[in-house]
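**Q** As they're listed, the protein sequences go chains A, B, C and D.
Numbering-wise, this note's numbering comes out as the position in the first sequence, counting from 1, plus 3.
Numbering-wise, this note's numbering comes out as the position in the second sequence, counting from 1, plus 76.
Numbering-wise, this note's numbering comes out as the position in the third sequence, counting from 1, plus 1.
Numbering-wise, this note's numbering comes out as the position in the fourth sequence, counting from 1, plus 422.
Note that the Cβ used here is the ideal one computed from N, Cα and C, for glycine as well.
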Amino acid sequence: MFLVFSAVEIVGAILTVTSKKLVRAAFWLLITLITISGIYILLRAEFVALIQILVYAGAVPVLLLFGIMLTRKKMLEESETSEAK
Amino acid sequence: MAEFWVNMGPQHPMTHGLWNLRIKVDGETIVDAEPIIGYLHRGVEKISEVREFQKVIVLTDRLCYVSSITWSHAYCLAVEELMGIEIPERGKYLRVISLEIQRIASHLMWLAAFGADIGLLTMLLYALRERELFLDLIEIMAGLRLNSNYTRVGGVRNDVPADFEKSCQRVIAHFLKKLDEYEDMMENSKTFLMRTQGIGKLSKEDAINWGVTGPNLRGSGADVDLRRTIPYEVYDQIDWEPAIEKDCDCYARSIVRMREMRESCKIVLDALKKMPPGPYRMKPPRRAEGEAFRATEDSRGEALFYVAADGDDRPYRVKIRSPIFCTLAAVPQMMRGHKVADVVSIMGSIDICVGEIDK
Amino acid sequence: MIPPQYELILSALLFCIGLYGILTRRNAIIVLMSVEIILNAAILNLVAFASYANDPSGQVFALLAIAIAAGEAAIGLAIFLNVYVTHGTIELDKIKILRW
Amino acid sequence: MSGSLLTPNLVGLCRSLTEILLGIVKAIFDALSLPGLGSWFMSPGVVVFFTYLIATLVMVMWAALVNLLSVMWVERKLYSRIQDRRGIMLGVPWPWSKKYKRGMTNLGWGFLQNIADGVKLLQKENITPASADKLLFHAAPAIIVSSTIMVFAVFPFSENFYYTKVALGVLFVLAALSLGPFAIILAGYSSNNKYTLIGGLRAAAMMLSYEIPLILCVVAVVLLSGTLDPFQMVAVQERPLLGTIVPSWNVFSPPQMLGFVIFFIALVAELERIPFDIPEADAELVEGWTTEYGGMRFGFLFGFKWLRAFAGAGLLVILYLGGWNGPVFATFSVLGYPIPILPQEFWFLLKTYLVVMVIIWISWSIPRVRADQVLKIGWNRLIPLALLTILGAAVFKTMGWF
Chain A
4 MFLVFSAVEI VGAILTVTSK KLVRAAFWLL ITLITISGIY ILLRAEFVAL
54 IQILVYAGAV PVLLLFGIML TRKKMLEESE TSEAK
Chain B
77 MAEFWVNMGP QHPMTHGLWN LRIKVDGETI VDAEPIIGYL HRGVEKISEV
127 REFQKVIVLT DRLCYVSSIT WSHAYCLAVE ELMGIEIPER GKYLRVISLE
177 IQRIASHLMW LAAFGADIGL LTMLLYALRE RELFLDLIEI MAGLRLNSNY
227 TRVGGVRNDV PADFEKSCQR VIAHFLKKLD EYEDMMENSK TFLMRTQGIG
277 KLSKEDAINW GVTGPNLRGS GADVDLRRTI PYEVYDQIDW EPAIEKDCDC
327 YARSIVRMRE MRESCKIVLD ALKKMPPGPY RMKPPRRAEG EAFRATEDSR
377 GEALFYVAAD GDDRPYRVKI RSPIFCTLAA VPQMMRGHKV ADVVSIMGSI
427 DICVGEIDK
Chain C
2 MIPPQYELIL SALLFCIGLY GILTRRNAII VLMSVEIILN AAILNLVAFA
52 SYANDPSGQV FALLAIAIAA GEAAIGLAIF LNVYVTHGTI ELDKIKILRW
Chain D
423 MSGSLLTPNL VGLCRSLTEI LLGIVKAIFD ALSLPGLGSW FMSPGVVVFF
473 TYLIATLVMV MWAALVNLLS VMWVERKLYS RIQDRRGIML GVPWPWSKKY
523 KRGMTNLGWG FLQNIADGVK LLQKENITPA SADKLLFHAA PAIIVSSTIM
573 VFAVFPFSEN FYYTKVALGV LFVLAALSLG PFAIILAGYS SNNKYTLIGG
623 LRAAAMMLSY EIPLILCVVA VVLLSGTLDP FQMVAVQERP LLGTIVPSWN
673 VFSPPQMLGF VIFFIALVAE LERIPFDIPE ADAELVEGWT TEYGGMRFGF
723 LFGFKWLRAF AGAGLLVILY LGGWNGPVFA TFSVLGYPIP ILPQEFWFLL
773 KTYLVVMVII WISWSIPRVR ADQVLKIGWN RLIPLALLTI LGAAVFKTMG
823 WF
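1. Using 8 Å as the Cβ pair cut-off and three pairs as the minimum, do the stretch 395-402 of chain B and the stretch 367-381 of chain B touch?
2. Span of the alpha helix (DSSP H) holding alanine 371 of chain B?
3. For asparagine 83 of chain B, name the three-state secondary structure that DSSP assigns.
4. Closer than 8 Å is the cut-off here; do at least three beta carbon pairs connect the stretch 85-101 of chain B with the stretch 53-72 of chain A?
5. So the candidates are B:Lys242, B:Arg393, B:Asp418; which of them puts its Cα closest to the Cα of valine 126 of chain B?
6. Give a yes or no on whether the minimum CB-CB distance between aspartate 651 of chain D and chain A is below 8 Å.
7. Between glutamate 714 of chain D and valine 107 of chain B, what straight-line distance do the alpha-carbon atoms span, to the nearest angstrom?
8. Using a Cβ-Cβ cutoff of 7 Å, what residues of the stretch 36-47 of chain C are near chain A? List them in chain order.
9. In chain C, what lies closer than 9 Å to phenylalanine 5 of chain A by C-beta?
10. Buried or exposed: where does alanine 417 of chain B fall if 16 or more other Cβ atoms within 10 Å of its Cβ makes it buried?
11. Restricting to runs no shorter than 4 residues, where is the alpha helix (DSSP H) found entirely within the stretch 4-39 of chain C?
12. From this set, B:Glu162, B:Glu317, B:Glu206, B:His183, which residue's C-alpha is nearest serine 30 of chain B's C-alpha?
13. Taking only runs that begin and end inside the stretch 486-513 of chain D, name each unbroken alpha helix (DSSP H) of 4 or more residues, in chain order.
14. Please check if any C-beta of chain D sits within less than 8 Å of the C-beta of glutamate 12 of chain A.
15. Would you say isoleucine 788 of chain D lies against chain B (beta-carbon separation less than 8 Å)?
16. Compare the C-beta of arginine 27 of chain A with all C-beta atoms of chain C and state if any pair is closer than 8 Å.
17. Can you pull out the residues from the stretch 695-717 of chain D whose beta carbon lies closer than 8 Å to at least one beta carbon of chain A?
18. Along the stretch 31-43 of chain A, where does the CB come closer than 8 Å to a CB of chain C? Name the residues.
19. Could you name the residues of the stretch 541-557 of chain D whose beta carbon sits closer than 8 Å to any beta carbon of chain A, in the order they occur along the chain?
20. Residue range of the alpha helix (DSSP H) that threonine 473 of chain D falls in?
21. Quick one, are the C-beta atoms of isoleucine 788 of chain D and threonine 267 of chain B less than 8 Å apart?
22. Determine whether the beta carbon atoms of isoleucine 145 of chain B and leucine 175 of chain B lie at a separation below 8 Å.
23. Looking only at C-alpha atoms, which of B:Phe129, B:Ala109, B:Glu367 sits nearest to proline 361 of chain B?
24. At the level of alpha carbons, what is the spacing between tryptophan 462 of chain D and alanine 564 of chain D?
25. Sorted by chain position, which residues of the same chain lie with C-beta nearer than 7 Å to leucine 596 of chain D's C-beta, five sequence neighbours on each side aside?
26. Got a sec: which bits of the stretch 605-620 of chain D sit with their beta carbon under 9 Å from any beta carbon on chain B, in order along the chain?
27. List the DSSP bridge partners of serine 97 of chain B.
28. Enumerate in chain order the residues of its own chain whose CB-to-CB distance from arginine 26 of chain C is below 8 Å, with the five nearest sequence positions on each side excluded.
29. So valine 247 of chain B and leucine 209 of chain B are in contact, right, with Cβ under 8 Å, and what is the actual spacing, rounded?
30. For valine 482 of chain D and serine 568 of chain D, I'd like the C-alpha separation in whole angstroms.
31. Give, in chain order, every unbroken run of the beta strand (DSSP E) that is at least 3 residues long and sits entirely within the stretch 198-246 of chain B.
32. Taking the alpha-carbon positions, what's the glutamate 73 of chain C to alanine 203 of chain B distance?
33. What do you get for asparagine 35 of chain B, buried or exposed, if any count of 16 or more other CB atoms within 10 angstroms of its CB means buried?
34. By how many angstroms is the C-alpha of isoleucine 696 of chain D removed from the C-alpha of threonine 436 of chain B?
35. Would you tell me roughly how many angstroms separate the C-alpha atoms of proline 635 of chain D and alanine 43 of chain C, rounded to the nearest one?
36. So, for glutamate 441 of chain D: in the same chain, excluding its five sequence neighbours on each side, which residues have a beta-carbon less than 7 Å away from its beta-carbon?
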């Protein structure tokens, strides 16, 4: 169980830091954080695990995505040019 | 955040018809707006030139499908002035009654659409329920419900049945009770006030300069109602007063329409009381020559018909001035600086009808 | 129960991945994500030792660290939004305001 | 108070069911003269596996089919009544009915309409936009569906009707519900459509700001009850207050009255019901973040919104309305021994559906609030009031008034 979680986690973390698309990186970050909370449950730290999901998985990636949406210009510009024709 | 254009339309729940509003948004704030029309152009003005005077009424009925009698009435007035005829007194009263019933039905349609726009779908169902009653009245008068084809050059098509006054009174008594309920749901609701007050400001000067007319102009505080300033038919013999609000925002425009519905009820009842017996229609001449202007107060503003004829039995040229076409030009100015959600409030409050815009 | 070395190895791997992300990526938000991963590696150590030592104070520190990490993410994003407004980019290479 | 419908708990019931079923299987294999295989089926590991499999199935079916369909039905019927019309009324063909020739009856009062809609959605094509981010586009509905189903793993319908007992159950429910906004913003982004993008951004902003008062209110409740376990939380609310008339539900204790109102408002916002349904405002953003989804994927998103509403209402009932406790007069005693009239499940479902109906009633009678106004209400009104609630709860706790 621990090995499965840690394998998913490491793959998720690697994909987070290497993926080209920012939103996909956020998605993989979510996977990583949720699997870490699984490891906390294996370590009998249920409260930390749930707080991890609540705060880390619930709020932090949403904040990050919010930042991505607000600072990403590319998609919007592309769609504007495609529309102007 | 980058600015980008969003197409609202031609297929969008906000549009109430086939047109396109492009808005340029910066996040949620509207930077610019640009109405694009022409999807529903049918060439009414051109088709009118090959039809006889009476037959054009069918087309003018379809200019605005929620307010058909007011449009054919405006056309008939213009043609009657062109021919130089004066219609019988009872015909005038019948016209006023039908116009006001149509006005209430049209305003109820606005109420329904406005409610649906700002997220109150229950209002849509309620207003359409009451609109059915007025369409029933129109059906009693004209035999048809939507494109009623009631007004004719020289009067109206037929007289009303004997018990029409009683059914009108019953419907209006029922409706006035319901109208109080609607005011509770709309005007007295805090959420509604949050959505409409201070949104879509259009000052009196701007409204006049852009050519905005009708309830939208009266919502900006200008005392312009063609029923009173250039009285046609028998509006000068009936006692009523126009609804004017000074707030210039969506809330004022909606209040104006709600009060106009009450006034229209008063007009209908008063006209039914004062209606004299006698003929309701006269035979107009087939041919005419010259040109005539006639402006009337449509449910949405000033509907103007210019009809020119060269002695033939059909018009040489018909020109239509539709009120919402002019109002639409003022829309970008009303929208700038507001949020995306205010688009629907503003567009709902000016009561758009694409049929008459594109003609 | 899994031996504590496993936790340590996992934590070290996560730390290395996060460090790699910080060092190689230029986009500020990815860097922020890498920082989150590093913080998670640290918290994992805290929780693991708390669990093996049967001492819940480690978990309390973990909770504290989680709260701090969430605050850090929010503040970092606020800074990057301001940087975006003033510089028009969040590529870290191009932000040279601190080294003229 | 009244007892539960299930005398052992759900898992125990499923265990006896499994043992019966596996006994039949074993008998079949014994008859086929394969005793080794038969006894493998009776080994404890297999029995536990099948027990939990059946329990999971029962719970998911109960939550996702029965309650989802009935919440949908209640909503559609109720808002039709509010709008002065009849609503759904298609029934099953009923062979000995007079209306059978016309192919429909009103048997079931339209309950089967939802199933018919589901079948229709199943038959439709799942369209994926060409420019969509395929992975995320497909992952978002899965996250929403699974996180909503996860809630029911710790959801107590009564003392015995539950799947597992977790000491941190309330926290688990909140954690599972908090995964929703992320999926919504993923869906909004990956559809590559401006309406979905704006809808996703609005959803993220709104849910971030409304989750805080929601959780702060829960903190106040936890302070007073001293536990995170929903079972104990309900047990705390069991003892009657003011003689035996008013039950000591959390709503009736002064600091929690305010908390109840805040929690309710925040819940309505979390569930995207109409006064706060800005992420999918159909007049402005067509359908918001669900615009590009079609077929059964849209069906899932659409239906699980209602299931979230049910779960949220259930959480409200557990936290504030005394869970499965019925009113005191619901039991009468014979020779000093209380006889339950109605089971606990009945009271829980009654309260939950009443809360759902109030949410529906509100959402169909007031207009939608604008996006910035929603955020202003959240940050300027609800969060200070929620902090006040916590302060009140702390004062009550330290003074020992509760």
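**A** If we stick to the structure as given:
1. yes
2. The count along the second sequence starts at 1 and reaches residue 371 of chain B at position 295. No alpha helix (DSSP H) holds alanine 371 of chain B; the beta strand (DSSP E) holding it covers 365-373.
3. Residue 83 of chain B sits at position 7 when you count from the first residue of the second sequence. Here asparagine 83 of chain B sits in strand by DSSP.
4. no
5. Start at 1 with the first residue of the second sequence, and residue 126 of chain B comes out as number 50. If we check each option's Cα against that of valine 126 of chain B, B:Arg393 comes out closest.
6. As a working note, residue 651 of chain D is residue 229 in the fourth sequence. False, the Cβ-Cβ gap to chain A never drops below 8 Å.
7. For the purposes of this step, residue 714 of chain D is taken as the residue at position 292 of the fourth sequence. For the purposes of this step, residue 107 of chain B is taken as the residue at position 31 of the second sequence. Those two C-alpha atoms are separated by around 26 Å.
8. Glu37, Ile38, Asn41, Leu45
9. Residue mapping note: residue 5 of chain A aligns to position 2 of the first sequence, counting from 1. Within chain C, the residues near phenylalanine 5 of chain A are Ile3, Tyr7, Glu8, Leu11.
10. Working through the second sequence from its first residue, we reach residue 417 of chain B at position 341. Buried is the call here.
11. 5-25
12. Limits of chain B in this structure are 77 at one end and 435 at the other, which puts residue 30 of chain B out of reach.
13. 490-504
14. Numbered from its first residue, the first sequence carries residue 12 of chain A at position 9. No, its Cβ sits nowhere closer than 8 Å to a Cβ of chain D.
15. Along the fourth sequence, one-based indexing puts residue 788 of chain D at 366. Taking Cβ atoms only, chain B reaches closer than 8 Å to isoleucine 788 of chain D, which makes this a yes.
16. As a working note, residue 27 of chain A is residue 24 in the first sequence. So, not an interface residue.
17. none
18. Leu32, Thr35, Leu36, Ile39, Ile42, Tyr43
19. Asp555, Leu557
20. Indexing the fourth sequence from 1 puts residue 473 of chain D at position 51. First-last of the alpha helix (DSSP H) with threonine 473 of chain D: 466-482.
21. As a working note, residue 788 of chain D is residue 366 in the fourth sequence. As a working note, residue 267 of chain B is residue 191 in the second sequence. Yes, the Cβ-Cβ distance between isoleucine 788 of chain D and threonine 267 of chain B is below 8 Å.
22. For the purposes of this step, residue 145 of chain B is taken as the residue at position 69 of the second sequence. For the purposes of this step, residue 175 of chain B is taken as the residue at position 99 of the second sequence. Going by C-beta atoms, isoleucine 145 of chain B is nearer than 8 Å to leucine 175 of chain B.
23. Your numbering for residue 361 of chain B matches position 285 in the second sequence. Among B:Phe129, B:Ala109, B:Glu367, the Cα nearest to that of proline 361 of chain B is on B:Phe129.
24. Counted from its first residue, the fourth sequence places residue 462 of chain D at position 40. Counted from its first residue, the fourth sequence places residue 564 of chain D at position 142. Their backbone Cα atoms lie some 35 Å apart in a straight line.
25. Sequence index remark: in the fourth sequence, residue 596 of chain D carries index 174 (1-based). Hits under 7 Å: Ile637, Val640.
26. Lys616, Tyr617, Ile620
27. Against the second sequence, residue 97 of chain B aligns to sequence position 21. Here residue 97 of chain B turns out to be leucine, not serine, going by the sequence shown. Looking at the DSSP assignment, leucine 97 of chain B forms a beta bridge with B:Met84, B:Pro111.
28. As a position in the third sequence, residue 26 of chain C is number 25, starting the count at 1. Closer than 8 Å at Cβ, skipping near neighbours: Val32, Ser35.
29. By 1-based counting over the second sequence, the position of residue 247 of chain B is 171. By 1-based counting over the second sequence, the position of residue 209 of chain B is 133. That belief holds up - the Cβ atoms of valine 247 of chain B and leucine 209 of chain B are roughly 5 Å apart, short of 8 Å.
30. Numbered from 1 along the fourth sequence, position 60 holds the residue referred to as residue 482 of chain D. Numbered from 1 along the fourth sequence, position 146 holds the residue referred to as residue 568 of chain D. The straight-line gap from Cα to Cα measures roughly 11 Å.
31. none
32. Working through the third sequence from its first residue, we reach residue 73 of chain C at position 72. Working through the second sequence from its first residue, we reach residue 203 of chain B at position 127. For glutamate 73 of chain C and alanine 203 of chain B, the distance between alpha carbons rounds to 52 Å.
33. Any question about residue 35 of chain B goes unanswered here, given that chain B covers just 77 to 435.
34. Outside the displayed span of chain B (77 to 435) sits residue 436 of chain B, for which this structure offers no information.
35. Looking up residue 635 of chain D in the fourth sequence gives position 213. Looking up residue 43 of chain C in the third sequence gives position 42. Their Cα atoms are separated by approximately 30 Å.
36. Here residue 441 of chain D refers to the residue found at position 19 when the fourth sequence is read from its first residue. These residues qualify, in order along the chain: Val469.
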